[in-house]
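Colleague: Heads up, the final residue of the sequence shown is numbered 212 in our numbering, and it's a clean run with no missing numbers.
Virtual Cβ for every residue (Gly too), placed ideally from N, Cα, C.
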Amino acid sequence: MRAGHGHAGPVPMSPYVAGMRARIGDDLLLLPTIAVAVFDDAGRLLMAEHVEGGRWSVIGGGVEPEEDPADAARREVAEEVGLAVELRGIVGVYGGPDCRNHYANGHQVAFVAALYAASLVGEVPGTTDGEISATGWFDEPGVAALDTPDWTSRAVADAFGWWRAHGTAPGQPSFDRA
35 MRAGHGHAGP VPMSPYVAGM RARIGDDLLL LPTIAVAVFD DAGRLLMAEH VEGGRWSVIG
95 GGVEPEEDPA DAARREVAEE VGLAVELRGI VGVYGGPDCR NHYANGHQVA FVAALYAASL
155 VGEVPGTTDG EISATGWFDE PGVAALDTPD WTSRAVADAF GWWRAHGTAP GQPSFDRA
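(1) Which full runs of the alpha helix (DSSP H) of 4+ residues lie inside the region 36 to 101, going along the chain?
(2) Sort A112, L79, V155 by Cα distance to G95 and report the nearest one.
(3) In whole angstroms, give me the CA-to-CA distance for W196 and A56.
(4) Under 8 angstroms: do the region 78 to 95 and the region 185 to 200 share three or more Cβ pairs, one atom per stretch?
(5) When you compare each of E98, S153, D132, T169 to F194 by their alpha carbons, which one comes out closest?
(6) Distance, Cα to Cα, V85 vs R198?
(7) Just to confirm, is the Cβ distance from L117 to V158 under 8 angstroms?
(8) Among the candidates P46, A107, V115, G176, whose CA atom is the shortest distance from the CA of A151?
(9) Leaving out five residues before and five after Y128 in sequence, what residues of the same chain have Cβ atoms less than 6 angstroms from its Cβ?
(10) Which class does T169 belong to by DSSP, given the choice of helix, strand or coil?
(11) Who are N139's beta bridge partners in DSSP?
(12) Is E101 closer than 8 angstroms to E165 when the C-beta atoms are compared?
(13) Excluding sequence positions up to five away, which residues of its chain have a Cβ less than 8 angstroms from the Cβ of T169?
(14) So, for H200: in the same chain, excluding its five sequence neighbours on each side, which residues have a beta-carbon less than 8 angstroms away from its beta-carbon?
(15) Across which residues does DSSP place R134 in a beta bridge pair?
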């Protein structure tokens with residue numbers, strides 16, 4: 035894994051974040067975010083390579099004002115990789131020094147991320163937003179060989195541990211309320 039947090043260019047911003055940036059400029063902005071560890075039936079984790087920066091991570095993004103975090107998790111997976119998922123549980127919550135980004139445009143962001151475990155349900159045609167250049171299903175050693183942001187290594191280790199303990203065994207409760 036490569037140290038540091040810089041990205042090559044501007045990251046797409048929601049209208050809310052754009053409005054905050056208009057007020058505070060490049061100053062540090064703390065954002066609530068979600069991440070989703072999507073597993074297949076073989077226990078492999080879906081990882082996505084981001085267009086900007088070329089690093090691999092689980093799917094994730096910001097939670098909009100008044101948006102339920104679980105809805106944000108499903109939305110981000112659909113937007114980024116065109117998949118529908120069933121949320122199975124919360125793996126953990128991540129923050130701290132390795133959850134901070136300094137972007138090439140000068141923006142600074144710190145984030146707190148709730149990581150959900152999820153299983154694949156199907157596809158959502160025509161919804162991807164272009165943030166992802168490649169995806170792949172990886173076992174734990176395969177993920178360790180990828181270039182990932184610092185926080186991802188501990189999140190991925192926790193996600194694989196969660197999946198080994200809970201997985202998709204029949205009778206496992208779903209986190210989804212729908």
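Modeller: The relevant details are as follows:
(1) 49 to 58
(2) A112
(3) 40 angstroms
(4) yes
(5) S153
(6) 31 angstroms
(7) yes
(8) A107
(9) A147, W185, A189
(10) strand
(11) DSSP lists no partner for N139.
(12) no
(13) L80, M81, A82, E83, V115
(14) R122, G123, A151, Q206
(15) A144
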